[in-house]
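Participant: My structure is below; once you've seen it, I'll send some questions.
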Amino acid sequence: MPEINIDGKTYQVAAGKNLLQACQELKLQLPYFCWHPALDSVGSCRQCAVLMFQNDEDTRGRITMACMTAVADGQRFSIEASKAQKFRQLCIEATMTGHPHDCPVCEEAGECHLQDMTLISGHIERRFQGPKRTHKNQYLGPFINHEMNRCIACYRCVRYYRDYSGGTDLNVFASRNNVYFGRAEAGILDSEFSGNLVEVCPTGVFTDKTYSQHYSRKWDLQSSPAVCVHCSVGCNIFPAERDGILRRVTNRYHPDLNGHFLCDRGRFGYDFVNHAKRTEHAWQRNNSSQTTEQLTSQQALDSFSSYLGNTEQLLAIGSSRSSLENNFCLQSLVGAENFYSDNSAQLETQLHNLLCYYRDIQPSSDLKKLEASDAVLLIGADVTQSAPRIALSIRQMIKNAGIAKAATIGVAYWSAAEVQNIRQDLKSPLHIISNHSTRLDDVACSIDNSHPAQQLALINKICSYLSEDKSSDAEVSIQENSIAARAKAISQDLLRAEKPFIVTDIHAGQSVELFVASLKLSAILYRQNKHAGLICAVPWANSLGLALLNSRQQNLDSVLQRLEQRTVKTLVILETDLYRYCPTEKMDLLLADVANIIVLDHLITPSAEQADLLLPSASFAEQHGSWVNFEARLQNSVKCFTPAKQRRPAHRWLTANTPFHSIVKDLSGVADCLSDLPSLYSIQSADFHSARKTVRESGRTALHSYIDIKDIQPEIDLDSNYQHSQEGVASNLDASQSPAYIWSPGWNSSESLNQFQHSVSGAIQGAHPGLLLFAKGQADSTCVAENQPADSIKDPPADSKSLLRALPYQHIFADEELSSYVANIKQLSPTDSIKINALQAQRLGLVANQLLDYCFAAANGSLIENNQTQRTAALPLSIDDSIATGVVLLPALLLQRAAVSGDCWLKLAAIDSAAEESADA
Amino acid sequence: MNVTQAPSLPLTQHLNLQQPLDLSAYREQGGYLGFSAALEQSSDAVLQIIKDSNLRGRGGAGFPTGMKWSFVPTVTDSSEPRYLVANADEMEPGAFKDRWLMEGAPHQLIEGMLIAAHTIAANVGYIFLRNEYTIAAKRLQQAIDECRSAGLLGNNIQGSAMNFDLHIHTSAGRYICGEETALINALEGKRAIPRAKPPFPQVAGLWGKPTIVNNVETFYNLPNIVLFGAQWYQSLGAHEDAGTKIYGVSGRVKHPGLWELPMGTSLREIIEQRAGGMSDGYQLRAYQPGGGSTDFLLPEHLDTPMDYNSISAVGSRMGTGTVIVLDDKNCPIDMILNLVSFFAQESCGWCTPCREGLPSASYLLSEIENGRGKMSDLDYLEDILQLVSFGNTFCALAPGAAEPLQSGLKFFQREFEQHIQQQCCPYK
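As given, the protein sequences belong to chains A and P, one line each in that order.
When we follow my numbering, the leftmost residue of the first sequence carries the number 47, and every step to the right adds one.
When we follow my numbering, the leftmost residue of the second sequence carries the number 320, and every step to the right adds one.
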């Protein structure tokens, strides 16, 4: 470890870093703007200037930028020297000559890095009296405000947006003190990760537009360390509430998962918690009087238990979007034999295959490891749409070849611009096997968009190359562009790599054989290289957790079967909407025959509308809960605020107020891998508490004075060490539990993260990284996937000319249930269409934008009548030449709703528009 | 033709502004013999000659050319491209020497670049040409075409193993493109912002490959150095530095212009003899010896030899060697304002001190010049000078821009105070 001297004190610092990183780790106060822990150094803002001395005799020193200076043994610096201090002051003063000083009306104020750095620098006097440059702002879509006059030209926005997240539609324009950061023309930002601009921007140029709609100062927010529920990655977040309204979501750093960044669905998809259609009261349907009655909580509980009195024909459905505890309580209540998941048989099988893979072959890998990988094979997963944060990590992995090249000429990884100049177009290999274009195509070195049958052939070929004796490589003569040639190229990259990764996912409508083959490939690779990893996204936030609790036979297909057999009298639906898994008319018919439908949910979903008894449950923000993410990492999410009115966590309806800790304890006994669960919730000594509210909270006693002048006592949370008040240990480096918000004296913005970390890319002190349920694979056992024979994809059942293999196209803003209730998200969800390539369209005699009717053909070859009326089912055709021939893409939700088990095919037909019109008339 | 007689004006011997020599005429007068001589020698041998000649870069910094070239790594992978760039983005206020050379003797630039390309094993060359230099663009293109037809550019040049092709890139026109790393970014199609060093362009330059960027005038020195040797070249200098130099004078002198003179010719000779002294009715007040971004010098410095070290010793820079003269009837503050505004305008916007500091200085100067100055503005200006001083900014643009201001505040203190006290410009 190099030893350096700063202002007369000697410090040991980590080798290979720059001085700014070192200063942050030493908690020395040095201001900066252009540096960012994930974007590294470019040396443009000149704010982290220190004095560097040549040797022991040097008394004058020279100004140097800490972020551009590699630490080395024996160096001597001064932060406090007046020359350095004055320079930093002058630099801020210059920065502020263009800034409008509009803090009172700026949404960033109070958590503004520019404010913080100004204070740290000591600049107090505004001497510049001249005119300030002004800019025009742009409309950037529903998520982000643009106020360019506040810009201090740190360049972090474009460096993040372009260099980190791969966006192309935000750029820097013009020059001198007139540089402009925006789009060529106003319009919706194209990136799925645009929301991070809000946190990357050190001042109020890019702010959260959804937050503006119910804005509150940071100091008035109540927050908690929670987990995002919008996909299976389980990004760590801070939800923030005031007065019963969830105001916003910000990133909570997790070193191995989301790091500093979230996707836009995670950041902006929170408003379902505040939705007008949220449940607030318990309701009961009275069929005789044709009315619905509002119940007291006690009445509701009584009614619930009377419904459950007869367990004979009872069926309960758990939820992939609800916590492990809620699902567990329902399962315990109704008995495992009556408890079913909301996954189709196909999904459930894949989830169990994955669990088996994690347990028996290889423990899962995290996103940090993925980012360090040097070759990735992405199979059949459009991860930008299904588990977006994974795509952002793949983009970072691409850069590793360039970082390695830069290192050979002595340029450190943190020297961002220099690494980029050396790297140029050099990429670590990303191979994509898919059936249509994905958002990662721009960084891929090879893309195979083909029919699942060909994909399978390619993967099987890769498997055989990987397991082959490598000496046989030379003799095979391979035709260029053949499957063998492509398989060989991909295999070579995977074998050459030190840390190769397979990335895939489980999603409704995918080809089962393909997924199993991917697992097999991953297993073969892992047996050759223990640094190889697998990233496999799963459908929803707790899909894997639910699979862990449940047997694979207890799935949605069997639910539908039982409903069709009319053997269900009482149906309990926990936080899931059956109408997402079945055509509306069919579900209406099925539910019509169920005598008692009990729905627990926090939103009035179409299923909830069918309820005979509706119990208002709480959203993720209003309850404690555990979630199992795609890598089988069990994370706990802390309740942010107390649910209003009759809303309460589902487990409290299901267990009639069993203490949360008892539930957790019981749950931990269900499976060996869950035995450590209570450690996530361990309550410290009684006098230790963390505050959810800030010490600066204003109007605490006045907020409800318009209702009642008396001071309302803050809610006491018996289930955790977090208080719904300002009282508690100030979060800091000594904290033994995850802070409820990131805020430290002098560091009011999200940049204060460094005050909570021991090292720049280290964990937040006190934050539990979560439990990896299968931390150690057996590696010598095999799992289902491996034993599966190299299957081929089934041929279409009948009339193969007009039948196309139906596969889903996913969309980040369309597919996920909870975010689909959010207006801002909905605005960006695309209109549904049927997608095929031009050649296919030509063969079928179809043209773009033509309205099409379609019907499914099942594996047995029978055509399934389209259950929806023709009018709603008709979809326009859109042509996409990246789609493989023989394949038709449907919106993921539509395909899921078709509820066709296993592989399915589609027959397309143009709607006779003349007949349409006459029908209209 | 065999040339045995070394020229006394090696840079301008072929100069013809009306009708530059075409390839055959240039060859008749000994053109490309220097290149032929270089081609017969190993690149190491040529490099040694250039090192021995003590040729210093003519772009302004005066860095020894041979040493710069020696940082290019030896060829390990012959398929990897290496680049040679002529910096012809001449935008220094007061400088017009490169334009003169390129318009008058385009082939000599190509010959110089061929020698350099041979020495550093470059296979692609660019002339990064200022957009406004349309005549030079035309004449250079003509010369390049001639060379391509004659096998002087392209593959297996003159039957050797050398491959080298040359392209003209006409710049979109920013002062910052004269900074070699910003020039490289601009060539790559990126924003013209400078790069941090290290890595130096010699190691990782254009498209991440080894790259040498030299000033146009530097290349003009090469053919005769190779032909007549380092010792001959050294002997051309009048003082410490070797060779000859294009000197220029602009301002209120009798004969503004450019002259090739021995390196180290005194300022007095340049201004009083070559430029004919001040125009009638004007007194010499001060001058910038090396273009707009160099410190003012006073009449008392006139006997200083114009070479790198001597000019530094009296507090300015040799720069481009093109002198701007300030007379006694023009307002010095107005002149400084003009220069600082230019540089503020040309800031690339990358680093804070330059982007925000120069416009502040420009604003303060205009307030003072227009009779609205305050005495405290002078302290503010001093602070801005500190902000933009060398090492504090990302590149040398702002420190250069500060030079006329910093020497101006020293030499014209009385004028500054007059402006502020009288709340007007006494020259108007």
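Heads up, the beta-carbon is just placed ideally off N, CA and C, and yes, glycines get one too.
Predicted model only: the values in this text are computed from it and were never measured.
(1) Grouping DSSP H, G and I as helix and E and B as strand, with all else coil, what is T393 (chain P)?
(2) Using the three-state DSSP reduction, which class does F731 (chain P) fall into: helix, strand or coil?
(3) Is it right to say F662 (chain P) is buried, meaning 16 or more other beta carbons lie within 10 angstroms of its own, or is it exposed?
(4) Does DSSP classify P581 (chain P) as helix, strand or coil?
(5) Using a C-beta cutoff of 8 Å, does I755 (chain A) count as contacting chain P?
(6) Give, in chain order, every residue of the stretch 691 to 717 of chain P whose Cβ lies closer than 8 Å to some Cβ of chain A.
(7) Only counting the same chain, and skipping five residues up and downstream in sequence, which positions put a Cβ closer than 6 Å to that of D408 (chain P)?
(8) Could you list the residues in the stretch 655 to 676 of chain P with a C-beta less than 9 Å from some C-beta on chain A, going in chain order?
(9) Using the C-alpha atoms, what's the distance from Y185 (chain A) back to P513 (chain P)?
(10) Would you kindly work out how many angstroms separate the C-alpha atoms of P150 (chain A) and A944 (chain A), rounded to a whole number?
(11) Counting only beta-carbon atoms, is R917 (chain A) nearer than 8 Å to chain P?
(12) From which residue to which residue does the beta strand (DSSP E) around C901 (chain A) run?
(13) Below 8 Å on the Cβ atoms is my guess for N320 (chain A) versus H300 (chain A); work out the distance and round it to an integer in Å.
(14) Just checking, does the stretch 660 to 678 of chain A make contact with the stretch 351 to 369 of chain A on the three C-beta pairs under 8 Å criterion?
(15) Just curious, the alpha helix (DSSP H) that C582 (chain A) is in, first and last residue?
(16) Using C-beta distances below 6 Å, list every residue in its chain close to G671 (chain A), excluding the 5 sequence neighbours before and after it, in chain order.
(17) Go ahead and pull the three-state DSSP assignment for R288 (chain A).
(18) Please tell me whether S679 (chain P) has its Cβ less than 8 Å away from any Cβ of chain A.
(19) Consider the Cβ of R694 (chain A): report whether some Cβ of chain P lies at a distance smaller than 8 Å.
(20) Considering only residues of the same chain and omitting the five flanking positions on each side of T395 (chain A), which have a CB-CB separation below 7 Å?
(21) Along the alpha helix (DSSP H) that carries G478 (chain P), what are the first and last residues, could you check?
(22) Of all the options P:I565, P:G548 and P:P383, which has the alpha carbon lying nearest to the alpha carbon of R418 (chain P)?
(23) Which whole-angstrom value is the C-beta distance of L936 (chain A) and I880 (chain A), which I expect to be below 8 Å?
(24) Going by the DSSP bridge assignment, what does C854 (chain A) pair with across the sheet?
(25) Measure the alpha-carbon distance for I436 (chain A) versus L413 (chain A) and round it to whole angstroms.
(26) Does DSSP put D487 (chain A) in a helix, in a strand, or in coil?
(27) Can you list, in chain order, the residues of the stretch 135 to 150 of chain A whose Cβ is nearer than 7 Å to any Cβ on chain P?
(28) Give me the Cα-Cα distance between A533 (chain A) and N527 (chain A), rounded to the nearest whole angstrom.
(29) Between M114 (chain A) and chain P, is any beta-carbon pair separated by less than 8 Å?
(30) Bridge partners for P383 (chain P) per DSSP, in chain order?
(31) In angstroms, rounded to a whole number, what distance separates the CA positions of A501 (chain P) and L330 (chain P)?
(32) I'd like the span of the beta strand (DSSP E) that includes S721 (chain A), first residue to last.
(33) Distance, Cα to Cα, V251 (chain A) vs I291 (chain A)?
(34) Quick check on the DSSP output: the beta strand (DSSP E) that includes K528 (chain P) runs from which residue to which?
(35) Quick one, which of P:G719, P:E722 and P:W669 has its alpha-carbon nearest T141 (chain A)'s?
(36) Which term fits H486 (chain P), buried or exposed, when burial requires 16 or more other beta carbons within 10 angstroms of its beta carbon?
Facilitator: Walking through what the data contain:
(1) Walking along the second sequence from the start, residue 393 (chain P) turns up at place 74. Reduced to three states, the DSSP call for T393 (chain P) is coil.
(2) The count along the second sequence starts at 1 and reaches residue 731 (chain P) at position 412. Three-state DSSP puts F731 (chain P) in coil, outside helix and strand.
(3) Mapped onto the second sequence, residue 662 (chain P) falls at position 343. With 16 or more other Cβ atoms within 10 Å, it is buried.
(4) Translated into positions along the second sequence, residue 581 (chain P) becomes position 262. Here P581 (chain P) sits in strand by DSSP.
(5) In the first sequence, counting from the first residue as 1, residue 755 (chain A) sits at position 709. Taking Cβ atoms only, chain P never reaches closer than 8 Å to I755 (chain A), which makes this a no.
(6) S695, Y699, D702, I703, Q705, L706, G710, N711, T712 and F713
(7) The residue labelled residue 408 (chain P) in the question sits at position 89 within the second sequence. Closer than 6 Å at Cβ, skipping near neighbours: F447, R449, S490, C496 and G497.
(8) A663, Q664, E665, S666, C667, G668, W669, C670, T671, P672, C673, R674, E675 and G676
(9) Locating residue 513 (chain P) in the second sequence gives position 194, counting from the first residue. Locating residue 185 (chain A) in the first sequence gives position 139, counting from the first residue. So the two alpha carbons sit approximately 31 Å from each other.
(10) Here the question's residue 150 (chain A) lines up with position 104 in the first sequence. Here the question's residue 944 (chain A) lines up with position 898 in the first sequence. Whole-angstrom Cα-Cα distance: 53 Å.
(11) In the first sequence, residue 917 (chain A) corresponds to position 871, counting from 1. The predicted model places R917 (chain A) with a pLDDT of 41, which falls under 50 and marks its position as unreliable; any figure quoted below should be read in that light. No, no contact with chain P.
(12) To locate residue 901 (chain A), count along the first sequence from 1; it is residue 855. L897 to A903 is the span of the beta strand (DSSP E), which, as asked, contains C901 (chain A).
(13) Here residue 320 (chain A) refers to the residue found at position 274 when the first sequence is read from its first residue. Here residue 300 (chain A) refers to the residue found at position 254 when the first sequence is read from its first residue. Between H300 (chain A) and N320 (chain A) the Cβ distance is about 26 Å, and since that is not below 8 Å, they are no contact.
(14) yes
(15) Position 536 of the first sequence, counted from the first residue, corresponds to residue 582 (chain A). C582 (chain A) -> not in any alpha helix (DSSP H); beta strand (DSSP E) instead, spanning G579 to A583.
(16) Locating residue 671 (chain A) in the first sequence gives position 625, counting from the first residue. Result list for G671 (chain A): S369, E371 and S683, in chain order.
(17) Within the first sequence, residue 288 (chain A) is the residue found at index 242, counting from 1. R288 (chain A) falls in the strand class under three-state DSSP.
(18) Here residue 679 (chain P) corresponds to residue number 360 of the second sequence, with the count starting at 1. Interface residue, yes.
(19) Position 648 of the first sequence, counting from 1, holds the residue named residue 694 (chain A). It does not: the Cβ of R694 (chain A) has no partner Cβ on chain P nearer than 8 Å.
(20) As a working mapping, residue 395 (chain A) is identified with position 349 in the first sequence. Within the same chain, T395 (chain A) has close Cβ partners R598.
(21) On the second sequence, residue 478 (chain P) is found 159 positions in, with the first residue counted as 1. First-last for G478 (chain P): undefined, no H or E at that position.
(22) To locate residue 418 (chain P), count along the second sequence from 1; it is residue 99. Considering only alpha carbons, the answer is P:I565.
(23) In the first sequence, counting from the first residue as 1, residue 936 (chain A) sits at position 890. In the first sequence, counting from the first residue as 1, residue 880 (chain A) sits at position 834. Confirmed, Cβ separation roughly 6 Å.
(24) Here residue 854 (chain A) refers to the residue found at position 808 of the first sequence. According to the sequence as given, residue 854 (chain A) is Pro; it is not Cys. Bridge partners of P854 (chain A): A:L936.
(25) Counted from its first residue, the first sequence places residue 436 (chain A) at position 390. Counted from its first residue, the first sequence places residue 413 (chain A) at position 367. The straight-line gap from Cα to Cα measures roughly 7 Å.
(26) Residue numbering aside, residue 487 (chain A) sits at position 441 when the first sequence is read from its first letter. Three-state DSSP puts D487 (chain A) in a helix.
(27) L136, C137, A140, T141, T143 and G144
(28) The sequence position of residue 533 (chain A) within the first sequence is 487, counting from 1. The sequence position of residue 527 (chain A) within the first sequence is 481, counting from 1. Rounded to the nearest angstrom, the two C-alpha atoms are 10 Å apart.
(29) To locate residue 114 (chain A), count along the first sequence from 1; it is residue 68. Closer than 8 Å to some Cβ of chain P, the Cβ of M114 (chain A) qualifies, so yes.
(30) Within the second sequence, numbered from 1, the residue matching residue 383 (chain P) stands at position 64. P:R375, per the DSSP bridge assignment.
(31) Taking the second sequence and counting its residues from 1, one reaches residue 501 (chain P) at position 182. Taking the second sequence and counting its residues from 1, one reaches residue 330 (chain P) at position 11. Their Cα atoms are separated by approximately 28 Å.
(32) Here residue 721 (chain A) corresponds to residue number 675 of the first sequence, with the count starting at 1. It is not in any beta strand (DSSP E) - S721 (chain A) carries neither H nor E in the DSSP assignment.
(33) Within the first sequence, the letter at position 205 stands for residue 251 (chain A). Within the first sequence, the letter at position 245 stands for residue 291 (chain A). Straight-line Cα distance between these residues: approximately 25 Å.
(34) As a first step, residue 528 (chain P) must be located in the second sequence, where it is residue number 209. Here K528 (chain P) belongs to no beta strand (DSSP E), and DSSP marks it neither H nor E.
(35) Locating residue 141 (chain A) in the first sequence gives position 95, counting from the first residue. Ranking P:G719, P:E722 and P:W669 by Cα distance to T141 (chain A) puts P:W669 first.
(36) What you label residue 486 (chain P) is simply residue 167 of the second sequence in a count that begins at 1. Per the 10 Å Cβ criterion, exposed.
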